[in-house]
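Working notes, structure below.
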Amino acid sequence: MVQEVERYKKPVRILHWVHAGAFTVLFLTGLVLFIPALGFLAQDSWTRIIHRVAAAVFIIAPLIYLPLDWKSSWKGIKEAFNWGMDDVGWLKAAPAYYFLADEEAMPPQDHMNTGQKMWWLMVIIFGVVFVITGIIMWVFKTVAPAALLQWMVLFHDIAFIATGVMFFVHIYLSVIHPLMRPTKTGAWSSMARGKVSAEYAKSHHAKWYARIAKGEEKKS
Amino acid sequence: MAEKAILYDSSKCTACRGCQVACKQWNMNDEAIPTIENGVDSRNWGSYENPRDLSPATWLKMRFTEYEGGGKLQWLFTRQACMHCTDAACVRVCPNGSLYHNEATGFVEYNKDTCTGCGYCVDACPFSIPRSDRNLVFGNAKMDKCTLCTTQGLNRLDAGMEPACVKTCPPNALIYGDRADMITAGKARVSALRANGSPDAVLYGESELDGLHVMYVLEHSPEVYNLPVNPKVSAASIAWKDVIQPIGWILGGLTILGLGINFIIARKAKMNREQPVKKEEEK
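Chains as they are written, first to last, in our numbering: chain A, 3 to 222; chain Y, 3 to 285.
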């Protein structure tokens, strides 16, 4: 029996998958307005209806989660803004690691590595951008000044491009990249079952593992 | 067919609104009789303008402006309908080509069947012309505007007729023909007006937005008529469609390509690292 440590509690994992599902639907129903060749799929507004149902889930899910556990929510949000020199080191070492499987130069990482933190920070910032610009286009479409609505489309599109590209990278690095294939130990396992092997935690998240090994921090 | 245009001469217009009626009749844009009981705001709001605004079923309407200048009061009339721009903001922002130019005439036509109801054209139009009814909760909508009588099944131009509004105009304030001829006629009329007590007379639309296909002869500066003096495609539309969106396509393509290349290289690197271990195991 491999020794395992808990990485994500059940409510966090449920939030992740609900949000991921909503985002996937939002992404696809937005893509039909982004790629002209797919535009025929958007006719008669039916993708907009699906987009709005998914948008409601996208907005409501975190609002339900936050009050369930203010403390760990706050800790999680702070994590996205906690940057240091090891992050610079990670960025320098990342090409060799992800292309050549060379982990020599990789500095020790915390609960989230730099790449994960980058994505998490983008999710928070662009999530807010999506929601604000989206609500203005949804609710105030007939009353807001035309110029404002045009800028809202632009910002919604910038957020779409940024998160859409990172969405591919995120899926790729979690389950497709050759080094991430062992689904029993890595990223997939942490979000599917909530647990990773102690070995994986030690090698990939040394700073975090050191803390939980001392018992300072149980889980997050 | 050469490039076509409508020329509207505001100085000849009597605001009979025959064009409004002909437009509705030909394009079958019936609306309820405007009474409050029928849900139409028909109260006196201090103007003879009627209806009060364009709508999905009102593609053309006359605007009345009271203007005081040179010690006399003038009642000015303007046509409010699609100007059929060459550099059309609506065509630029339409996500799936539902709005497009007729390559022969230069008119901005649209396919209502494929319209997604996004409303980008409604917000982008510098003349604020397109209209749509919108379900605010679900967002389903369809845009409508003047088709210059090219609506499928009701296409007057293909049948060799002039647009309904032009056909009906009693004082010939509306004429239709080759765009070059309309410019010549418009310029001649402007010269005549300038020589006869309207020094500010202009031909509006000859070069605005690379040339409008509905041009106006005006006795005063366009702003007197509530028309944009220098109509432009908005900065937001240009930034979005000419900069951000192409960046998005390139970035998306490069990402997928880059991940594919990474997969091939990283898989090989991983195998190379595992191989020596395996060889040792074999020994």
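Each residue gets a CB set at the ideal place from its N, CA and C atoms; glycine is no exception.
Model, not experiment: these values are computed from the prediction.
Can you name the start and end residues of the alpha helix (DSSP H) that residue i belongs to?
i: Asp89 of chain A; result: Met87 to Leu102
i: Met1 of chain Y; result: This structure cannot settle anything about residue 1 of chain Y, because the visible part of chain Y is limited to 3 through 285.
i: Glu70 of chain Y; result: That residue, Glu70 of chain Y, is in no alpha helix (DSSP H); its beta strand (DSSP E) goes Lys63 to Gly71.
i: Ser57 of chain Y; result: Per DSSP, Ser57 of chain Y belongs to no alpha helix (DSSP H) and is neither H nor E.
i: Val14 of chain A; result: Lys12 to Phe36
i: Asp32 of chain Y; result: Per DSSP, Asp32 of chain Y belongs to no alpha helix (DSSP H) and is neither H nor E.
i: Thr49 of chain A; result: Trp48 to Leu70
i: His158 of chain A; result: Ala148 to Ile173
i: Arg94 of chain Y; result: Ala91 to Val95
i: Val226 of chain Y; result: Where Val226 of chain Y is concerned, there is no enclosing alpha helix (DSSP H), given that its DSSP letter is neither H nor E.
i: Val131 of chain A; result: Thr116 to Val141
i: Tyr211 of chain A; result: Ala208 to Lys216
i: Ser191 of chain A; result: Ala189 to Ala194
Whose C-beta lies closer than 6 Å to the C-beta of residue i among residues of the same chain, with five residues either side of it excluded?
i: Ser57 of chain Y; result: Arg133
i: Ile131 of chain Y; result: Cys84 and Lys147
i: His158 of chain A; result: Thr135
i: Tyr69 of chain Y; result: Gln76, Leu78 and Val226
i: Gln82 of chain Y; result: Lys63 and Arg65
i: Ala56 of chain A; result: Ala24, Val27 and Leu28
i: Thr31 of chain A; result: Thr49, Ile52 and His53
i: Cys15 of chain Y; result: Phe79 and Ala175
i: Ile37 of chain A; result: none
i: Gly155 of chain Y; result: none
i: Val216 of chain Y; result: Ile8, Met85 and His86
i: Ile177 of chain Y; result: Leu9
Starting from residue i and walking both ways along the beta strand (DSSP E), at which residues does that stretch end?
i: Lys6 of chain Y; result: Lys6 to Asp11
i: Asp180 of chain Y; result: Leu176 to Asp180
i: Arg136 of chain Y; result: Arg133 to Arg136
i: Trp242 of chain Y; result: Here Trp242 of chain Y belongs to no beta strand (DSSP E), and DSSP marks it neither H nor E.
i: Phe79 of chain Y; result: Lys74 to Gln82
i: Val219 of chain Y; result: Val216 to Leu220
i: Val198 of chain A; result: Lys197 to Ser199
i: Val204 of chain Y; result: Val204 to Tyr206
i: Tyr122 of chain Y; result: Segment Tyr122 to Ala126 is the alpha helix (DSSP H) holding Tyr122 of chain Y; no beta strand (DSSP E) there.
i: Val110 of chain Y; result: Val110 to Tyr112
i: Val7 of chain A; result: Glu6 to Glu8
i: Leu40 of chain A; result: Here Leu40 of chain A belongs to no beta strand (DSSP E), and DSSP marks it neither H nor E.
i: Leu101 of chain Y; result: Leu101 to His103
Around the Cβ of residue i, are there at least 16 other Cβ atoms within 10 angstroms (buried) or fewer (exposed)?
i: Val34 of chain A; result: buried
i: Thr49 of chain A; result: buried
i: Leu65 of chain A; result: exposed
i: Pro2 of chain A; result: For chain A, the structure presents residues 3 to 222; residue 2 of chain A sits outside this window and is missing.
i: Met139 of chain A; result: buried
i: Met273 of chain Y; result: exposed
i: Arg45 of chain Y; result: exposed
i: Asp125 of chain Y; result: buried
i: Val14 of chain A; result: buried
i: Leu195 of chain Y; result: buried
i: Tyr145 of chain Y; result: Here residue 145 of chain Y turns out to be Met, not Tyr, going by the sequence shown. Buried, since its Cβ has 16 or more Cβ neighbours within 10 Å.
i: Ile266 of chain Y; result: exposed
i: Pro165 of chain Y; result: buried
Near residue i, what residues of its chain come up, given a Cβ to Cβ distance below 7 Å and the 5 sequence neighbours on each side ignored?
i: Lys221 of chain A; result: Here the model assigns Lys221 of chain A a pLDDT of 47, short of 50, so the residue's position is not dependable, and the following value carries that caveat. Glu8 and Lys11, listed in sequence order.
i: Asp112 of chain A; result: His207, Lys209 and Trp210
i: Ala164 of chain A; result: Met124 and Phe128
i: Lys234 of chain Y; result: Pro128
i: Asp104 of chain A; result: Ala98
i: Lys285 of chain Y; result: Legend: pLDDT at Lys285 of chain Y = 45, less than 50; position of this residue unreliable, value from coordinates given subsequently. Excluding residues within five positions, none has a Cβ falling inside 7 Å.
i: Pro110 of chain A; result: Asp88, Ala208 and Lys209
So residue i and residue j are supposed to be a Cβ contact under 8 Å. How far apart are they, rounded?
i: Leu224 of chain A; j: Gly117 of chain A; result: Shown here, chain A extends from 3 to 222; a query on residue 224 of chain A therefore has no answer.
i: Trp92 of chain A; j: His172 of chain A; result: The pair is not a contact, with the Cβ atoms about 16 Å apart (cut-off 8 Å).
i: Tyr218 of chain Y; j: Tyr10 of chain Y; result: 5 Å
i: Asp135 of chain Y; j: Gln45 of chain A; result: About 16 Å separates the two Cβ atoms, so there is no contact after all.
i: Ala197 of chain Y; j: Glu221 of chain Y; result: Wrong, their Cβ atoms sit about 13 Å apart, outside the cutoff.
i: Glu33 of chain Y; j: Ala17 of chain Y; result: That pair is no contact at about 20 Å.
i: Met184 of chain Y; j: Ala4 of chain Y; result: Not a contact, Cβ separation roughly 11 Å.
i: Thr149 of chain Y; j: Gly20 of chain Y; result: No, Thr149 of chain Y and Gly20 of chain Y are not in contact; Cβ-Cβ is about 19 Å, not under 8 Å.
Excluding sequence positions up to five away, which residues of its chain have a Cβ less than 8 Å from the Cβ of residue i?
i: Lys143 of chain A; result: Leu151
i: Lys243 of chain Y; result: Arg94 and Val95
i: Pro97 of chain Y; result: Thr118, Cys120 and Tyr122
i: Ser239 of chain Y; result: Ala91, Arg94, Val95 and Ala126
i: Lys119 of chain A; result: Glu81, Ala82, Asn84, Trp85 and Asp89
i: Arg275 of chain Y; result: none
At 8 Å on the CB atoms, spell out the chain C contacts of residue i, in chain order.
i: Ile160 of chain A; result: In summary, chain C is missing from the structure at hand, where the protein chains are A and Y.
Residues of the region 51–80 of chain A with Cβ closer than 7 Å to any Cβ of chain Y, in chain order: Going along the region 51–80 of chain A in chain order, one finds Ile51 and Arg54 with a Cβ nearer than 7 Å to chain Y.
Interface positions of the region 147–158 of chain A facing chain Y (Cβ-Cβ less than 7 Å), listed along the chain: Cβ contacts with chain Y come from Ala148, Ala149, Leu151, Gln152, Trp153, Val155 and Leu156.
Under 7 Å (Cβ pairs) to chain A, residues found in the region 74–93 of chain Y: Taking 7 Å as the Cβ-Cβ cut-off, the region 74–93 of chain Y has no residue approaching chain A.
Residues of the region 164–178 of chain A with Cβ closer than 8 Å to any Cβ of chain Y, in chain order: Under the 8 Å Cβ criterion, the region 164–178 of chain A contributes Gly166, Val167, Phe170, Val171, Tyr174 and Ile178.
Interface residues of the region 133–144 of chain A facing chain Y [CB-CB below 9 Å]: Look at the region 133–144 of chain A: the residues with a C-beta under 9 Å from a C-beta of chain Y are Met139, Trp140, Val141, Lys143 and Thr144.
Chain A contacts from the region 114–133 of chain Y (Cβ-Cβ distance under 9 Å): Correct list: Asp115, Thr116, Cys117, Thr118, Gly119, Cys120, Gly121, Tyr122, Val124, Asp125, Ala126, Cys127 and Ser130.
Chain Y contacts made by the region 24–47 of chain A, where a contact means CB separation under 9 Å: Listed in chain order, the positions of the region 24–47 of chain A with a beta carbon within less than 9 Å of a beta carbon of chain Y are Val34, Leu35, Phe36, Ile37, Pro38, Ala39, Leu40, Gly41, Phe42, Leu43, Ala44, Gln45, Asp46 and Ser47.
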